[in-house]
Amino acid sequence: MGRHVLRRLLQMIPVFVGATLLIFLMVNVMGDPVAGLCGERACDPATAAQLRREFGLDQPVWRQYLTYMGKVFTGDFGTAFNGQPVTELMATAFPVTVRLTVVAVLFEVVVGVTLGVVTGLRRGRPVDTAVLLATLVVISVPTFVTGLLLQLLLGIKWQWIRPSVRAGGFDELIVPGLVLASVSLAYVTRLTRTSLAENRRSDYVRTAVAKGLPRRRVVTRHLLRNSLIPVVTFIGTDIGALMGGAIVTERIFNIHGVGYQLYQGILRQNSQTVVGFVTVLVLVFLVANLLVDLLYAVLDPRIRHA
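Each residue of the sequence shown is one higher than the last, beginning at 1 in full-length UniProt numbering.
Take a look at the structure:
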């Protein structure tokens with residue numbers, strides 16, 4: 001196990017470098033960030049040159065990247081164009097988005113897996129057909145439509161919730177978390193159903209039933225553990241996607257999290273903010289994948305990491 005973890009950690013290094021380099025290059029071709037600092041009027045040449053020297057934009061891109069990565073390993077993600085350190089923006093944005101992601105993942109695990117188990121064990125029955133149709137509708141409807149509809153009904157018309165989030169507590173993030181997790185929840189339900197239905201025909205399940213084991217034990221100890229492997233893989237990779245893809249949900253409910261900061265950074269061509277936030281999201285994605293890889297051995301005893 002130790003060798004496997006060390007090997008996976010070493011594999012994360014080139015992936016991290018490649019992902020951050022690609023993002024750095026993509027952000028630097030968005031346009032001239034100095035042009036947006038002077039407002040509607042163009043900066044005079046002296047001011048533009050001074051700003052480029054101040055933010056290191058007068059250097060070649062490869063040197064900017066090496067300088068940036070050198071600072072990242074010391075915990076310095078640079079300074080936004082408004083003079084505020086990017087780490088301060090992260091300190092206020094990431095806790096909110098982490099709470100939102102936790103709520104979304106809980107919806108995926110609790111609701112999605114439960115519905116998947118129910119429909120997988122009752123394949124072809126009315127409840128199975130109803131859940132399949134419901135998940136198909138959820139997948140077909142864009143997230144911004146679902147968010148605006150729930151905000152209109154629950155927040156404005158019925159006044160069950162606040163239309164916009166203020167403090168960012170867990171109680172305020174239930175509906176935004178449901179909106180964020182809606183599409184992924186539908187996929188988790190379908191994935192769990194399909195995996196469970198396929199494994200029901202496996203030899204080890206028939207053997208467990210023939211031995212006279214209780215139905216509950218057959219489902220939980222044998223069938224469910226193996227069926228959850230693809231589901232855990234999907235949820236693990238979805239964590240990073242939820243944190244980075246919360247731009248629409250956070251804009252709808254006025255949540256000042258990672259999505260909000262990324263949107264502002266892209267809108268104002270603030271490369272330091274965008275690259276800094278995406279760098280942390282890459283790390284989150286890599287760590288989540290490592291944990292998923294280690295969970296395989298827990299779910300399926302046949303998988304062992306030498």
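The beta-carbon is built from N, C-alpha and C at its ideal position, and this holds for glycine as well.
Just so it is clear, the structure is predicted and the values come from calculations on it, not from any experiment.
task = Please report the Cβ distance between Asn82 and Ser271, rounded to the nearest whole angstrom; I am assuming they are in contact, meaning their Cβ atoms lie under 8 Å.
result = With 8 Å as the limit, Asn82 and Ser271 do not qualify as a contact, their Cβ atoms being about 13 Å apart.
Start-to-end residues for the alpha helix (DSSP H) that takes in Gly238: Position check: residue 238 holds Asp in this sequence, whereas Gly was assumed. Going by DSSP, Asp238 is part of the alpha helix (DSSP H) stretching over 224-244.
Report task. Excluding the 5 residues preceding and the 5 following Leu286 in the sequence, name in chain order all residues of the same chain whose CB lies nearer than 7 Å to its CB. Result -> By the criterion of a C-beta distance shorter than 7 Å, Leu286 is surrounded in its chain by Met12, Val15, Phe16, once the five residues flanking it on both sides are discounted.
So Gly257 and Val96 are supposed to be a Cβ contact under 8 Å. How far apart are they, rounded? Their Cβ separation, rounded to whole angstroms, is 4 Å, which keeps Gly257 and Val96 in contact under 8 Å.
- Query: In angstroms, rounded to a whole number, what distance separates the CA positions of Phe253 and Glu108?
  - Reply: About 20 Å.
Cβ neighbour criterion (16 or more within 10 Å) applied to Leu291: Counting other Cβ atoms within 10 Å of its Cβ, Leu291 stays below 16 and is therefore classed as exposed.
task: Quick one: which unbroken beta strand (DSSP E) runs of 3-plus residues sit fully inside the region 95-172? Chain order, please.
output: Fully enclosed beta strand (DSSP E) runs of 3 or longer: not present.
Problem set entry | Where the alpha helix (DSSP H) containing Phe196 begins and where it ends | According to the sequence as given, residue 196 is Leu; it is not Phe. Run containing Leu196: 174-199, per the alpha helix (DSSP H) assignment.
Reference Val105, options Tyr204, Leu180, Arg215, closest by Cα = Closest in alpha carbon position to Val105, among Tyr204, Leu180, Arg215, is Leu180.
For this session: For Val110, decide whether its Cβ has a neighbour in chain D, counting only Cβ atoms nearer than 7 Å.
Result: The structure shown contains no chain D, having only a single protein chain.
| query | For the candidate residues Ala19, Gly177, Ala167, Trp160, whose alpha-carbon lies nearest to that of Thr92? | reply | Of the candidates Ala19, Gly177, Ala167, Trp160, the one whose C-alpha sits nearest the C-alpha of Thr92 is Ala167.
Handout entry: Continuous alpha helix (DSSP H) stretch holding Ile247: start and end
Key = First-last of the alpha helix (DSSP H) with Ile247: 247-252.
Check your understanding: Over what stretch of residues does the alpha helix (DSSP H) that includes Gly78 continue unbroken?
Key -> From DSSP, Gly78 is part of no alpha helix (DSSP H); its letter is neither H nor E.
Tell me the residue span of the alpha helix (DSSP H) that contains Asp203.
203-210 is the extent of the alpha helix (DSSP H) around Asp203.
Checklist line | CA-to-CA distance, Gly244 to Tyr296, given in whole angstroms | finding: Taking the straight line joining both Cα atoms gives about 25 Å.
- Helix, strand or coil for Pro214, going by three-state DSSP, please let me know. Coil.
On the CB-based measure, 16 or more other CB atoms within 10 Å of its CB, does residue 340 come out buried or exposed?
Outside the shown range of the chain (1 to 306) lies residue 340, about which nothing can therefore be said.
*Which one or two residues does DSSP pair with Pro85 in a beta bridge?*
DSSP links Pro85 through a beta bridge to Thr79.
- Task: Let me know if Gln159 comes out buried or exposed under the rule of 16 or more other beta-carbons within 10 Å of its beta-carbon.
- Result: Residue environment: Gln159 is assigned as exposed (fewer than 16 neighbouring CB atoms within 10 Å of its CB, all protein chains considered).
Closest by CA to Ser184, which one among Ser140, Leu89, Ala288, Thr20? Ranking the options by Cα distance to Ser184, first place goes to Ser140.
DSSP on Leu66, reduced to helix/strand/coil?
The answer is helix: DSSP assigns Leu66 an H, G or I state.
- Query: Between residue 307 and Gly124, what straight-line distance do the alpha-carbon atoms span, to the nearest angstrom?
  - Reply: Missing from the structure shown is residue 307; the chain here goes from 1 to 306 and no further.
Three-state class that DSSP yields for Arg268 in the structure shown: Three-state DSSP puts Arg268 in coil, outside helix and strand.
Quiz item: What is the DSSP secondary structure of residue 327, counted as helix, strand or coil?
Solution: No statement about residue 327 is possible, as the shown extent of the chain runs from 1 to 306 and does not include it.
I'd like to know whether the C-beta atoms of Phe77 and Gly276 end up nearer to each other than 7 Å.
Contact annotation: Phe77 and Gly276 have beta-carbon atoms nearer than 7 Å.
Worksheet entry | Inter-residue Cα distance where the pair is Leu242 and Lys211 | Leu242 and Lys211 have their C-alpha atoms spaced approximately 43 Å apart.
Top-ranked residue by Cα proximity to Arg99, from Leu6, Arg268, Ile239, Gly112: Residue Ile239 holds the alpha-carbon nearest to the alpha-carbon of Arg99 among Leu6, Arg268, Ile239, Gly112.
Taking the alpha-carbon of His222 as reference, which of Ser202, Val282, Ile235 has the nearest alpha-carbon?
Nearest of Ser202, Val282, Ile235 to His222, Cα basis: Ser202.
Q. By the 10 Å Cβ neighbour count, where 16 or more other Cβ atoms means buried, how is Ser164 classified, buried or exposed?
A. When all chains shown are included, Ser164 counts as exposed.
Test item: CB-CB of Gln261 and Leu89 under 7 Å:
Result yes, Cβ atoms of Gln261 and Leu89 sit closer than 7 Å.
Are the Cβ atoms of Thr249 and Pro176 separated by less than 7 Å?
Judged by beta-carbon spacing, Pro176 lies within the 7 Å limit of Thr249, meaning their Cβ atoms are closer than that value.
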